[in-house]
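Protein chains: 2
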Amino acid sequence: MSRITAGIITVGDELTSGDRVDTNSTWLSQRLLELGVETAFHLALPDDRAAIAASLRESAGRVSVLLITGGLGPTEDDLTREALADALGESLMTDEAALRLLRSRFEKRGFEMPRRNLQQAQRPKSASMLSNPVGTAPGLAARLGAAPVYVLPGVPGEMRRMWADHVAPAVRELVNGSDRCHTAWIHSVSLAESKVGEIIEDLMRRGGPVVVGTLVSDYVVSVRVRAAGDGPDVEDLFVTAARTVAERLGVYAFGRDDDTLASVIVRRLKAQSATLVTAESCTGGLVGSMITDVPGASEVYLGGWVTYSNDFKAEFLDVAPETIAHHGAVSGLTADQMAVGALAQTGAAFALAITGVAGPEGGSAAKPVGTVFIALAFVDEDGEPSSFVRHFVFVGDREMVRRRAAITALAMLHFHLANDGMLPEMLGEFRPRVEAEA
Amino acid sequence: MSRITAGIITVGDELTSGDRVDTNSTWLSQRLLELGVETAFHLALPDDRAAIAASLRESAGRVSVLLITGGLGPTEDDLTREALADALGESLMTDEAALRLLRSRFEKRGFEMPRRNLQQAQRPKSASMLSNPVGTAPGLAARLGAAPVYVLPGVPGEMRRMWADHVAPAVRELVNGSDRCHTAWIHSVSLAESKVGEIIEDLMRRGGPVVVGTLVSDYVVSVRVRAAGDGPDVEDLFVTAARTVAERLGVYAFGRDDDTLASVIVRRLKAQSATLVTAESCTGGLVGSMITDVPGASEVYLGGWVTYSNDFKAEFLDVAPETIAHHGAVSGLTADQMAVGALAQTGAAFALAITGVAGPEGGSAAKPVGTVFIALAFVDEDGEPSSFVRHFVFVGDREMVRRRAAITALAMLHFHLANDGMLPEMLGEFRPRVEAEA
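Here the protein sequences line up with chains L and W, keeping their order.
Per the working numbering, the very first residue in the first sequence carries number 1; after that it's consecutive.
Per the working numbering, the very first residue in the second sequence carries number 1001; after that it's consecutive.
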């Protein structure tokens, strides 16, 4: 690891009051580590000019680069510009170029710029502006003592873009080829975190140059392989470790680094020139939304139905009213007919259907909250429609059940595509209790 | 607000490396605020004994109470005990009672206690142990200078339990019946944050017992009204401030506290016994997913279509192929036909349709990335279908455009329901440039 360190200060009352979770510092630390820079601290402060200025002064001497997010908005509690000026011992001035740009942004949309946005065109004398292509607030770049300081908006979409445009290139130069940090992510789905921990237990022991850790989100367990240092030995160990993790996780490992389950599926479908439709009940559009989040999804995703009511299922997907009446809207048969109906009406290659009880109401002894049936319909090698259904019981509140159902549906499609139609055991699958043998 | 302030230090490499998001400090700040204590800072540090000790020494003088989580485990990188001892200028000793308890925990489960757990029974001489009923690591209580210091495990379930058992009672005594904290949220949509800032500018000035701030997420601006202190005067000021904010934001204010745009819409539709369907293109199911996120949405939401491809629009919503051919899939006419088609097929009271260019590809000079048409179709008082369309240009990347489109569609429906069919000016609305007069 290079000896370059970073400090991250995030500004906003909403952070220290607990109204909002700080995700900006997490994201920045990940990006910094990819460039070989370790983060020495995250500091969240309220919208308090004096506290921000004091922290800026104290922190600058301790790290190689200082990043600040938040407090660049157009309201009275946006005080980061002022605090930076205080820390520099300077006053604020108006940057004419920034002001012109800001004004023209509003005019293009037919408005006059409100007076309070004026403050967003201000900067300390020695600082420079960082352009913000996706919002109104330009960022700031300055130097506090020996340390470069970058001030970015708190809005994540804006902050991330400006990190890429302005800060990452500068940090790369700062690091300047000294010790690289290798990072690889191997993403898995439908395996319990403890199971992943078992599978790669020996790799997770500390002591060598390669560090392996895990991170969980919904039913996706991501394994992070990290190694610091240059030289062929370290690189070999790193590459070997990453490959070993992927091999051991086998079919459950769906992607690397920036891959998501949806992006991997879209890629495979494109490669097969295959199309997909969705039929969702309890997930309400979440699966469609995850797939269409992938740029280029339109090449493979035709669309879908959110059949939230029973009438909708019957009328638009041809689910038989008797099926709903006798087996229930939440049943394997209903899920199957939803998928088959969607496939038949569209001529798609694949159809995913989900029906379940997200909660908190609607559960019963036979079908408790968390009960979800997921069906996949597809055209087999003989050109005939085929389908299968899986029964799950997901633990958690409404949001968790919906997210787990959506992820698991995508996982089912992924396994079908990637593993020649063979599904492994999946987390959350319902296993009826086996009677004890007499 | 009482003059009692807190500082929160969270320890762990996984935090500063960005592998894990810090939720402990957020949760603790919420609990502290409920007791009338403001948090002065959140500080996340790596598993670095010297850095932790230095921060402990520096922080203790600045706050009334210091909370630390993390670094109490049985592994090599658990260093918080040592760091606390360093900050106190003491060495570690074994607490015999804690050791006996720890051993017996393992023995009860049929194990001998591993040697590395020994460190969990250690404490600085002047500190005391805090029992942990749900894990192995006891916490620590000490005093650094004038400030009480509480060290808790990083595992959220254990930390929260021990907060309740040991820390909350102590903090309550510290606050000692001084000042309660009142908080109210007023949520608005489709107003620029700077505009909200203008409208409530005088209320946002600092200095009195009532503090007003804003928080933005997508196109929802939430105004937070907070007041510290007991007594009828403070309560009056608080109630008046909250009411004034709501009055001034007028039709743009859609809800309070836990309300979301979707939950308010579901409530209004229920009250009118009205039903809703959706037809989404670029948002891919996001609107349906937001509505169905609300428990009880099934009483008003029948379902919808994700008409991602042109064929889907034509085949299932009866959008005329000539419309798509001559005006484009992204046009006011297409959006209108999607909404009218959805309404006609379902007999719903309301239908929302969205079509647009989310990006990064697909934009043109006439219809740049971010161009979105949103249509609302409904049955008027004479029982006749009616509809209108709005044209927007949203700034941002693919995710931002989709989220803003979804929120704005819900906002349109909300305004229609809440304001007797009259829509105010909406953020993002496209205003063709007015030709300068000759």
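No residue lacks a Cβ here, since even glycine has one placed at the ideal position from N, Cα and C.
N- and C-terminal bounds of the alpha helix (DSSP H) containing residue i
| i | result |
| --- | --- |
| W1027 (chain W) | 1024-1034 |
| L1084 (chain W) | 1080-1088 |
| G362 (chain L) | Note, G362 (chain L): premise wrong, no alpha helix (DSSP H); not H, not E. |
| E1112 (chain W) | It is not in any alpha helix (DSSP H) - E1112 (chain W) carries neither H nor E in the DSSP assignment. |
| P1321 (chain W) | 1321-1327 |
Which of helix, strand or coil DSSP assigns to residue i
| i | result |
| --- | --- |
| E384 (chain L) | coil |
| M290 (chain L) | helix |
| G1012 (chain W) | coil |
| V465 (chain L) | Only positions 1 to 438 of chain L appear in this structure, which leaves residue 465 (chain L) out of reach. |
| P1169 (chain W) | helix |
| T39 (chain L) | strand |
| E437 (chain L) | Unreliable placement is indicated for E437 (chain L), whose pLDDT of 45 sits below 50; no coordinate value is reported for it. |
| P1432 (chain W) | coil |
| S1217 (chain W) | strand |
| I439 (chain L) | Residue 439 (chain L) lies beyond the stretch modelled for chain L, which goes from 1 to 438, so this question has no answer here. |
| R1390 (chain W) | strand |
| R100 (chain L) | helix |
| M1001 (chain W) | Only weak support exists for where M1001 (chain W) lies, its pLDDT of 43 falling under 50; the coordinates are left without a value. |
| M1129 (chain W) | strand |
| R49 (chain L) | helix |
| T1371 (chain W) | strand |
| T1069 (chain W) | strand |
| L1427 (chain W) | coil |
| G332 (chain L) | helix |
| P232 (chain L) | helix |
Neighbour list for residue i in chain W, Cβ cutoff strictly below 8 angstroms
| i | result |
| --- | --- |
| E399 (chain L) | D1293 |
| E14 (chain L) | G1213, L1215, R1224 |
| V21 (chain L) | V1021, D1022, T1023, T1026 |
| V65 (chain L) | Those within 8 angstroms of V65 (chain L) in chain W number zero; the least Cβ separation is about 14 angstroms. |
| N117 (chain L) | S1194 |
| T278 (chain L) | G1285, V1306 |
| R81 (chain L) | Correct list: empty, because the minimum Cβ distance to chain W is about 15 angstroms. |
Listed by chain order, chain L residues near residue i by CB distance under 8 angstroms
| i | result |
| --- | --- |
| E1076 (chain W) | R206 |
| F1373 (chain W) | Ordered by position in chain L, no residue passes the 8 angstroms Cβ test against F1373 (chain W), which lies about 16 angstroms from the chain. |
| L1130 (chain W) | By Cβ distance, chain L contributes nothing, its closest Cβ being about 22 angstroms from L1130 (chain W), past 8 angstroms. |
Range covered by the beta strand (DSSP E) that runs through residue i
| i | result |
| --- | --- |
| V182 (chain L) | The sequence as given places His at residue 182 (chain L); Val does not occur at that position. Unbroken beta strand (DSSP E) run through H182 (chain L): 181-189. |
| E1280 (chain W) | 1276-1280 |
| L1302 (chain W) | 1301-1306 |
| G356 (chain L) | 350-356 |
| T94 (chain L) | 92-94 |
| R160 (chain L) | Here R160 (chain L) belongs to no beta strand (DSSP E); instead the alpha helix (DSSP H) covers 156-162. |
| R143 (chain L) | 139-144 |
Neighbouring residues, chain W, relative to residue i (Cβ below 7 angstroms)
| i | result |
| --- | --- |
| P114 (chain L) | S1194, K1195, E1198 |
| L376 (chain L) | By Cβ distance, chain W contributes nothing, its closest Cβ being about 18 angstroms from L376 (chain L), past 7 angstroms. |
| T307 (chain L) | G1303 |
| R286 (chain L) | As written in the sequence, residue 286 (chain L) is Leu, which differs from the Arg given in the question. Chain W residues near L286 (chain L): G1285, S1289. |
Under 7 angstroms from the C-beta of residue i: neighbouring residues of chain L
| i | result |
| --- | --- |
| G1135 (chain W) | Per Cβ cutoff of 7 angstroms: no residues; G1135 (chain W) is ~16 angstroms from chain L at best. |
| L1045 (chain W) | F41 |
Length of the line joining the Cα atoms of residue i and residue j
| i | j | result |
| --- | --- | --- |
| L1317 (chain W) | L1276 (chain W) | 15 angstroms |
| A436 (chain L) | L427 (chain L) | In this predicted model, A436 (chain L) has a pLDDT of only 48, less than 50, meaning its place in the structure is not dependable enough to derive any value. |
| N1132 (chain W) | L1032 (chain W) | 20 angstroms |
| M1159 (chain W) | V1171 (chain W) | 15 angstroms |
| V1306 (chain W) | T1334 (chain W) | 14 angstroms |
| S1281 (chain W) | H1327 (chain W) | 16 angstroms |
| V1155 (chain W) | R1020 (chain W) | 12 angstroms |
| A60 (chain L) | D1336 (chain W) | 56 angstroms |
| F238 (chain L) | I1324 (chain W) | 52 angstroms |
| L352 (chain L) | A279 (chain L) | 6 angstroms |
| V223 (chain L) | V216 (chain L) | 9 angstroms |
| A1164 (chain W) | G1157 (chain W) | 11 angstroms |
| D1230 (chain W) | D1236 (chain W) | 10 angstroms |
Under 9 angstroms from the C-beta of residue i: neighbouring residues of chain L
| i | result |
| --- | --- |
| P1360 (chain W) | P295 |
| V1379 (chain W) | Here the premise fails: no neighbours, minimum Cβ distance about 18 angstroms. |
| A1246 (chain W) | Here the premise fails: no neighbours, minimum Cβ distance about 18 angstroms. |
Per DSSP, the bridge partner or partners of residue i
| i | result |
| --- | --- |
| V212 (chain L) | L:V225 |
Neighbour list for residue i in chain W, Cβ cutoff strictly below 9 angstroms
| i | result |
| --- | --- |
| D311 (chain L) | L1302, G1303, T1346 |
| S91 (chain L) | Ordered by position in chain W, no residue passes the 9 angstroms Cβ test against S91 (chain L), which lies about 21 angstroms from the chain. |
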